[in-house]
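There are 2 protein chains.
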Amino acid sequence: MTTATKLFGPVQADMAGVEERLQGVRRTDQPLLAPMLETALAGSGKRLRPAIALLSGHFYRYDLPRLVTLAAALELLHVATLVHDDVIDNAPTRRGRPTVNARFKNTVAVMLGDYLFANAAVLISQTEHVRVIENFSRSLMLIATGELGQDLSTYDTNQDIRAYLQRISGKTAALFLTAGECGALLSGAPEEHVTALRDYGYNLGMAFQIVDDILDVTGTEAAMGKPVGSDLLEGILTLPSLMLMERQPRNNPIARLFRARGARRAAFLTEALAAIRESSIVEDSYAMAEAFADRARAALAPLPADPAKATLHDLCGYVLSRSS
Amino acid sequence: MTTATKLFGPVQADMAGVEERLQGVRRTDQPLLAPMLETALAGSGKRLRPAIALLSGHFYRYDLPRLVTLAAALELLHVATLVHDDVIDNAPTRRGRPTVNARFKNTVAVMLGDYLFANAAVLISQTEHVRVIENFSRSLMLIATGELGQDLSTYDTNQDIRAYLQRISGKTAALFLTAGECGALLSGAPEEHVTALRDYGYNLGMAFQIVDDILDVTGTEAAMGKPVGSDLLEGILTLPSLMLMERQPRNNPIARLFRARGARRAAFLTEALAAIRESSIVEDSYAMAEAFADRARAALAPLPADPAKATLHDLCGYVLSRSS
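For the record, the sequence lines run as chains A and B.
Going by my numbering, the first residue of the first sequence is number 19, and it counts up by one from there.
Going by my numbering, the first residue of the second sequence is number 19, and it counts up by one from there.
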């Protein structure tokens with residue numbers, strides 16, 4: 019049994035249906051569009067959001083066709099935001115593969131992202147569940163607001179951890195929350211359990227993003243498929259770098275990096291990453307991620323017995339322990 | 019009575035509700051976002067799509083709150099696509115005002131467009147009408163596909179008028195069609211009249227875009243708020259330029275413009291515009307727009323007597339006669 023098989027437990031086999039639905043989006047009669055879709059959708063990750071949707075829909079009426087539609091819509095919305103993010107961050111690679119903006123150009127990536135948004139919108143409307151559609155639309159709004167907030171705050175050293183948590187709750191946790199909530203809604207779960215899976219998704223998403231931000235400063239380029247410290251190079255302050263700003267208010271390498279131009283930036287980046295790694299910041303950041311994961315696990319308590327419960331529980335550990 | 023008052027007849031006063039709803043989107047607690055929204059939403063045109071939605075909803079139960087929600091969603095989707103279009107076309111001005119990409123930067127325009135899409139999605143979900151939401155999502159898909167098709171065909175001189183009509187049916191007519199169809203659906207119109215207003219919207223949208231493309235070669239920069247011949251400069255072939263390609267297959271100034279670099283481009287553009295104006299191409303293009311407008315008027319025939327009927331009829335003449 020592979021890690022992946024263990025990872026998604028009772029819905030593992032059904033994840034193939036999500037892949038099929040995503041393959042459907044890749045089929046197009048426009049020959050020039052095919053390689054663009056291929057670039058955006060290939061190897062785009064672990065399909066965590068779709069899995070959370072199926073698992074959250076496993077406690078009551080497991081309506082697989084509609085859950086697969088929801089799951090594919092979530093993944094397409096996620097990929098669409100990544101395609102636009104990579105334009106905004108001018109990112110050359112993601113997961114070790116060239117981004118759409120790098121392989122084609124920025125304008126293609128803008129249009130392709132819109133095309134993927136459109137596909138996500140069509141899929142979610144096919145669930146024909148008004149509250150699911152409303153929640154989905156609201157999560158797009160939170161993601162867009164989170165992205166704008168992140169961009170408007172780049173190179174701004176007057177941010178605090180509170181603002182960071184607010185940003186990632188929109189940028190990342192909103193879609194995990196929607197996966198849990200909408201999966202529960204499509205299965206006809208009672209309101210109390212919709213709320214439980216909504217809380218689960220939110221807290222898991224927060225833990226996920228914090229770990230992501232830790233890996234950006236501790237990982238290796240080989241494992242991450244992007245340069246280490248890429249956020250700092252883009253002027254984006256995440257939890258570890260905000261902790262360094264707080265703990266070393268004077269002569270901080272990040273503040274110097276943000277003011278520097280040219281080759282001196284690399285030296286300040288190295289210095290900032292070393293300062294983070296040599297302190298207790300990584301440990302303290304993981305403690306914060308663990309606190310969110312604990313809340314995610316606790317949120318599961320009211321749910322009825324179901325194999326999905328243990329799997330959702332174990333996903334918290336997976337999110338904390340992942341190395342890429 | 020102003021032209022505008024006459025233009026939207028029985029729904030003219032209710033258009034203020036659409037403006038109010040759009041004002042609501044402009045109110046934000048993010049101080050940096052406010053001027054961006056202002057740039058995107060101010061002076062963005064005649065609100066034709068919202069008016070068609072209200073008028074199409076006037077024949078049966080005139081459910082104004084839901085129609086206003088639909089109308090605002092249509093306009094926001096339209097503005098969102100304009101914001102992204104201006105990034106893709108690298109446009110400095112629209113309607114004589116600086117674009118979001120020009121006033122801020124491309125990445126801001128990408129995010130702002132996504133934010134407006136998100137607002138449109140939230141509004142349309144608030145209609146709580148599954149078929150309306152489905153149609154709206156499908157129109158986003160057609161717009162995105164039309165835009166991609168346009169971009170993938172720039173500088174391609176092997177296009178024909180059939181491909182052009184296909185492109186503008188997605189890029190423009192889809193949203194007019196959705197305005198008519200969804201307005202009718204929200205008013206509880208019988209299927210036959212939903213189809214009639216859908217056909218009306220489609221054909222009016224086709225006429226509208228053809229006139230737009232004529233004005234791009236016959237208008238003045240002062241009236242249009244953008245350089246004359248801007249499409250040709252971006253490598254986009256529209257009806258008048260495709261007619262010139264067909265009628266002058268050898269030594270065509272457009273083919274030379276597309277191959278030229280630098281200052282020679284301006285000379286070939288002037289030559290191409292003169293060739294179009296001196297031929298019967300403008301007249302023949304208007305004849306095609308008129309044929310679509312005639313079909314739009316004919317589509318109204320089965321609808322019951324209502325003041326909205328005459329207004330929709332007159333909008334066809336307005337679209338043909340507008341000069342900016």
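Using N, Cα and C, we set each Cβ at its ideal position, and we do this for glycine too.
- The residues Ala-317, in chain order, have a CB closer than 6 angstroms to that of Asp-217(A) in the same chain once the five nearest residues on each side in sequence are set aside.
- The count of Cβ pairs closer than 8 angstroms, one atom from the segment 317–331 of chain A and one from the segment 211–225 of chain A, reaches three, so the stretches are in contact.
- The C-beta of Ser-143(A) has 16 or more other C-beta atoms within 10 Å across all chains shown, which makes the residue buried.
- In chain A, no part has a C-beta under 8 angstroms from the C-beta of Ile-186(B); the shortest such distance is about 16 angstroms.
- When the five nearest sequence neighbours on each side are left out, the beta carbons in the same chain lying within less than 7 angstroms of the beta carbon of Val-105(A) are those of Asn-119, Asn-124, Ala-127 and Val-128, in order along the chain.
- For the segment 112–134 of chain B, the set of residues with a beta-carbon nearer than 9 angstroms to any beta-carbon of chain A comprises Asn-124, Thr-125, Val-126, Ala-127, Val-128, Met-129, Leu-130, Gly-131, Asp-132, Tyr-133 and Leu-134, in chain order.
- Counting every other CB atom within 10 Å of its CB across the protein chains shown gives Ala-90(B) a total of 16 or more, marking it as buried.
- Taking every protein chain shown into account, the CB of Ala-311(B) has 16 or more other CB atoms within 10 angstroms, so this residue is buried.
- Within a 10 Å sphere around the beta-carbon of Thr-190(B) sit 16 or more other beta-carbons, which makes this residue buried.
- One finds nothing in chain B with a Cβ atom closer than 9 angstroms to the Cβ of Met-306(A); even the nearest lies about 25 angstroms away.
- Neighbours of Met-242(B) in chain A, taken as residues at a C-beta separation under 7 angstroms, are lacking, since the least C-beta distance is about 22 angstroms.
- One alpha carbon belongs to Ala-197(A), the other to Ala-162(B), and they sit about 25 angstroms apart.
- Note that the segment 170–180 of chain A does not touch the segment 162–177 of chain B; fewer than 3 beta-carbon pairs, one per stretch, sit closer than 8 angstroms.
- Here Pro-271(A) carries a helix assignment [DSSP, helix/strand/coil].
- For the 8 angstroms CB-CB criterion, His-76(A) and Val-29(A) form a contact.
- Interface criterion met: the Cβ of Gly-167(A) is under 8 angstroms from a Cβ in chain B.
- Going by beta carbons, Ala-225(A) and Ala-307(A) fall inside the 8 angstroms limit.
- Along the segment 175–205 of chain B, none of the residues has a CB nearer than 8 angstroms to a CB of chain A.
- According to DSSP, Pro-116(B) shares a beta bridge with Thr-111(B).
- Secondary structure at Glu-296(B): helix, using DSSP grouped into helix, strand and coil.
- For Gly-131(B), the closest of Leu-51(B), Tyr-304(B), Glu-296(B) and Arg-313(B) by C-alpha to C-alpha distance is Leu-51(B).
- By a beta-carbon distance limit of 8 angstroms, Thr-46(B) does not contact Leu-59(B). Their separation comes to about 11 angstroms.
- Exclusion of the five residues before and after Leu-257(B) leaves Ile-179, Tyr-182, Ile-228, Asp-231, Ile-232, Ser-303 and Met-306 as the residues of its chain whose Cβ lies within less than 8 angstroms of its Cβ.
- The CB of Gln-48(B) comes closer than 9 angstroms to the CB of Thr-163, Leu-166, Gly-167 and Leu-170 in chain A, given here in chain order.
- Cβ contact annotation for Pro-116(A) (same chain, cutoff 8 angstroms, sequence separation greater than five): Thr-57 and Pro-110, in chain order.
- Collapsing the DSSP output to three states places Asn-137(A) in a helix.
- If you check the CB distance, Pro-68(A) and Glu-93(A) come in under 8 angstroms.
- Annotated three-state conformation of Asp-81(B) is coil, per DSSP.
- A Cβ-Cβ distance of about 13 angstroms is found for the pair Phe-135(B) and Phe-154(A), leaving them out of contact under the 8 angstroms criterion.
- Setting aside the 5 residues that flank it on each side, Arg-274(B) is surrounded in the same chain by Phe-286, each with a C-beta closer than 6 angstroms to its C-beta; the list follows chain order.
- Going by C-alpha positions, Thr-213(A) is about 13 angstroms away from Arg-313(A).
- A residue is called buried when at least 16 other Cβ atoms come within 10 angstroms of its Cβ; Asn-270(A) meets this threshold and is buried.
- If you compare the alpha carbons of Glu-165(B), Leu-338(B), Pro-322(B) and Asp-107(B) with that of Ala-309(B), the shortest gap goes to Leu-338(B).
- Within the same chain, and ignoring the five residues on either side of His-331(B) in sequence, the residues whose Cβ sits closer than 8 angstroms to its Cβ are Arg-315 and Leu-318.
- By a beta-carbon distance limit of 8 angstroms, Ala-192(B) contacts Leu-160(B). Their separation comes to about 4 angstroms.
- In the structure shown, the three-state DSSP call for Ser-303(A) is helix.
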